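So that you can map any letter, position 33 of the sequence shown is 33 in our numbering, and since no number is skipped, the others follow by simple counting.
Even for Gly, the Cβ is constructed at its ideal location relative to N, Cα and C.
Nothing here was measured: the structure is a model prediction, and the numbers come from that model.
Before any comments, here is the structure.
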Amino acid sequence: MKVVSVNTALAQKVQINGREVLTAIGKRPRSGPVAYRPMGMEGDEQADLSVHGGLSKAVYAYPLEHYAFWRTVRAQARAAGWDDELPPPGAMGENLTLDGLNERHLWIGDQLRFADGGVLVVSEPRFPCFKFNAAMGFSKAAKLMVESGYCGAYLAVLEPGSVQAGDSFTLHPGPRELELLALFRARTSGKKF
1 MKVVSVNTAL AQKVQINGRE VLTAIGKRPR SGPVAYRPMG MEGDEQADLS VHGGLSKAVY
61 AYPLEHYAFW RTVRAQARAA GWDDELPPPG AMGENLTLDG LNERHLWIGD QLRFADGGVL
121 VVSEPRFPCF KFNAAMGFSK AAKLMVESGY CGAYLAVLEP GSVQAGDSFT LHPGPRELEL
181 LALFRARTSG KKF
């Protein structure tokens with residue numbers, strides 16, 4: 001398991017559905033090591049702390065393997081071309097684009113441990129919103145995230161550290177009482193996206 005990309009962004013005002021909103025979903029890859037602390041990644045912001053950021057959602061991780069799915073559904077929705085490359089790392093709003101680890105393997109409390117001693121703990125799934133629809137370029141993106149279960153994971157910082165593209169990590173099981181996807185399904189069941 002490794003980190004493909006480390007991504008950050010500052011909050012910016014953008015137009016979504018005719019109104020001005022503040023968002024930091026447009027994460028961009030960083031080069032070199034990026035520090036993470038209990039409140040998040042160095043050089044990163046969240047626009048709405050009621051749903052992103054804070055101690056339990058300091059870092060957002062997303063699997064690289066889902067990017068092909070998003071390329072396909074964006075082409076089907078005519079938000080991108082069929083010959084387009086994969087979306088760039090950070091396009092899902094994630095801080096860490098990961099290879100070799102996805103939601104099916106994660107439980108609340110599992111730990112991602114890095115060689116420098118940094119430890120990130122799986123805290124909860126990400127729940128999509130209208131800003132994700134805007135970032136993907138079509139109005140059904142949040143609904144597809146819910147249907148597919150391709151939500152990624154929020155991580156709390158147990159031990160601060162730094163991370164860069166190419167770093168490997170190990171997964172250490174937590175108490176294994178609640179699966180990440182089970183929590184995602186329970187909290188999205190019956191809701192309209």
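Which of the three DSSP states is assigned to residue i in this structure?
i                 : result
glutamate 85      : coil
alanine 80        : coil
leucine 112       : strand
serine 139        : coil
asparagine 7      : strand
valine 51         : coil
methionine 145    : helix
arginine 176      : coil
phenylalanine 184 : helix
phenylalanine 193 : coil
leucine 158       : strand
Can you name the residues that DSSP bridges to residue i?
i                 : result
proline 125       : Ala153
threonine 23      : Gln12
valine 34         : Val163
lysine 57         : None, per the DSSP bridge assignment.
phenylalanine 130 : Beta-bridge pairing links phenylalanine 130 to no other residue.
Skipping 5 residues on each side, what residues in its chain have a beta carbon closer than 7 Å to that of residue i?
i            : result
leucine 101  : Met1, Pro63 and Leu171
valine 4     : Leu64, Pro89, Thr97, Leu98, Asp99 and Ala165
arginine 113 : Val119, Phe169, Thr170 and His172
leucine 183  : Ile108, Glu124 and Pro125
Which same chain residues end up closer than 8 Å to residue i when comparing Cβ atoms and leaving out the 5 residues on each side of it in sequence?
i           : result
serine 139  : Asn133
arginine 78 : Phe138
Which whole-angstrom value describes the C-beta separation of residue i and residue j, a residue pair presumed to lie in contact below a C-beta threshold of 8 Å?
i           : j           : result
valine 121  : leucine 158 : 5 Å
tyrosine 36 : serine 162  : 7 Å
leucine 196 : glycine 149 : With the chain covering only 1 through 193, there is no way to say anything about residue 196.
If you drop the 5 nearest sequence neighbours on each side, which residues of the same chain put their C-beta closer than 6 Å to that of residue i?
i          : result
valine 201 : Here the chain comprises residues numbered 1 to 193, so residue 201 is not present and cannot be evaluated.
Indicate whether the contact test is met: 3 or more Cβ pairs, each with one atom in the segment 182-191 and one in the segment 27-40, closer than 8 Å.
-> no
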